[in-house]
Amino acid sequence: MFNIGPLELVVLGFVALIVIGPEKLPQHARDAARMIRSLREMANGARGQFRDELGPDLADLNLDALRELRSLNPRSALMKALFDETDSTAGEVAQKPQSAPPLSAPPAAAPLPPVSLEKGAIAPFDDDAT
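Count along the sequence shown from 1, then add 715; that gives the number in my numbering.
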């Protein structure tokens, strides 16, 4: 919950021993344990009260769908789409090979003969084409 390792707990205990002193340390440890116990009881009471007030509606609440929606982000959605569906469709593709339609190009149109202009004539100019 707090990501405190064993070495950090030892350091905290040593600092507490120096700051509080060896005479008062047992009393403060008991007070801290009592406070943690009361906080747990309050949290459990709030959880129980929440369940009592919601009653049967709590069972209808679909928390898994909410957690799935909360965990969505573009990267995970893309990874899921790429890797989850390719595994299922790869087997289908391997089982049912599809033949591609034969490639046939439509006949090419005959090229137009070059247009020759009369001497001194201006070539046609299209304003929209430029």
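Positions of the beta carbon are idealized from the N, C-alpha and C atoms, including for glycine.
Note that the coordinates shown come from a computational prediction; the quantities given were computed from them, not determined experimentally.
{"Query": "Three-state class that DSSP yields for K834 in the structure shown", "Result": "coil"}
{"Query": "For D779, the first and last residue of its enclosing alpha helix (DSSP H)", "Result": "778-785"}
{"Query": "For N759, the first and last residue of its enclosing alpha helix (DSSP H)", "Result": "740-769"}
{"Query": "Rounded C-alpha distance that separates L732 from R749", "Result": "19 Å"}
{"Query": "Under the three-state DSSP convention, the category A731 falls into", "Result": "helix"}
{"Query": "Helix, strand or coil at D772 according to DSSP, with G and I counted as helix", "Result": "helix"}
{"Query": "Distance, R745 Cα to I751 Cα", "Result": "10 Å"}
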